[in-house]
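For the sequence shown, the numbering used here begins at 2 and goes up steadily by one.
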Amino acid sequence: MKTHIIKLFCILSLSGLAQTHHIAYYNIQYHFEHTDNKASTRFKSVFEDAKRHEDEVKLRLIFNKETAVFEMLTANRNSQNDFSHSLCNCEKTVFMSVPENSIRHHNSAQPVLGIKQDHYLLTEDLYSDWKLHNEVKKINEYTSYKATKTVTEPNGRSFLITAWYTPEFPFPFGPANYGGLPGLIVQIQKGSTMFVLSKIEFDRTISLPTPDTRGEVISTEAYSKLIHALIKNK
């Protein structure tokens, strides 16, 4: 596993020099479903505030045919829109590699569970079990195709992830830790959080951030099970 991490570092370091890359910008849309229970009512104003400031969350994917880096732009982050930024869970830079078939990023701090920030380097396959559909629609003028997959968390709760990708841009990348489709992801939703492509800039001279390969390597699935076990034992 460590050998693969070193290879990924070399690949991204070489592409990290000032070279020509493409840049996709994404926005966040929150789609909250409120119920009449007390918990929902209590947090209603908090979610409404997140929705109010969703347009202020700016996300960027820098990519070429082999590698991609996804990151949150924080220049306009402030106390008013901080929750909108935190809620999308995009604070950790994500590195993707086609040659390594990998998606990697560090963990966020879990102080209540005794887990320090960046202690773990989470890894998962770039190409996973997507189900491709024949359904087509236009998103931002791009002909986009539907893909879905279901993920089940350690607590047994399942989520349907719905993505729309466009073969017009044959790059297997997308926002956050999503990728592995036969085209750039232009829209994807899991639960109440939706990522939507806002614009693309081609052939820009820009450097990719250098990946930090420190930390204990662990699969995303194993990390989720670890968190679930720690919460259960609290």
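Ideal Cβ positions, reconstructed from N, Cα and C, are used throughout, including at glycine.
Treat the numbers as computed from the prediction; the structure is a model and nothing was measured.
Check whether residue 55 and residue 85 have beta carbons under 7 Å apart
In the sequence shown, the residue the question calls residue 55 occupies position 54. In the sequence shown, the residue the question calls residue 85 occupies position 84. Yes; because the gap between Cβ atoms is below 7 Å, this pair is in contact.
Apart from the five residues on each side of it in sequence, which residues of its chain come closer than 8 Å, Cβ to Cβ, to residue 37?
By 1-based counting over the sequence shown, the position of residue 37 is 36. Its pLDDT being 49, under 50, residue 37 is placed unreliably in this model, and the value from its coordinates should be taken loosely. If we look at residue 37 and ignore the five residues flanking it on each side, it has no Cβ neighbours.
Rounded separation between residue 70 and residue 207 - CA only:
Locating residue 70 in the sequence shown gives position 69, counting from the first residue. Locating residue 207 in the sequence shown gives position 206, counting from the first residue. Spanning the two alpha carbons is a distance of roughly 12 Å.
Local conformation of residue 47 per DSSP, three classes:
The sequence position of residue 47 within the sequence shown is 46, counting from 1. The answer is helix: DSSP assigns residue 47 an H, G or I state.
Closer than 6 Å to a non-hydrogen atom of the ligand ZN - does that hold for the CB of residue 174?
As far as ligands go, the structure on display features none, and thus does not contain the ligand ZN.
Among residues of its own chain, excluding the 5 on either side of residue 23, which ones have a beta-carbon nearer than 6 Å to its beta-carbon?
As a first step, residue 23 must be located in the sequence shown, where it is residue number 22. The residues are 64, 203.
What's the C-alpha gap between residue 137 and residue 181?
Here residue 137 corresponds to residue number 136 of the sequence shown, with the count starting at 1. Here residue 181 corresponds to residue number 180 of the sequence shown, with the count starting at 1. When rounded, the distance between both Cα atoms is 18 Å.
Grouping DSSP H, G and I as helix and E and B as strand, with all else coil, what is residue 120?
In the sequence shown, residue 120 corresponds to position 119, counting from 1. Residue 120 falls in the coil class under three-state DSSP.
Nearest to residue 176 by alpha carbon, out of 170, 198, 162?
The residue you call residue 176 lines up with position 175 of the sequence shown. Residue 176 has its Cα closest to that of 198, out of 170, 198, 162.
Taking only the alpha-carbon atoms, compute the straight-line gap between residue 62 and residue 120 and give it to the nearest angstrom.
To locate residue 62, count along the sequence shown from 1; it is residue 61. To locate residue 120, count along the sequence shown from 1; it is residue 119. Each residue's Cα considered, the two are about 24 Å apart.
DSSP puts residue 126 in a beta bridge; with which residues?
In the sequence shown, residue 126 corresponds to position 125, counting from 1. Note: residue 126 sits in a beta bridge opposite 103.
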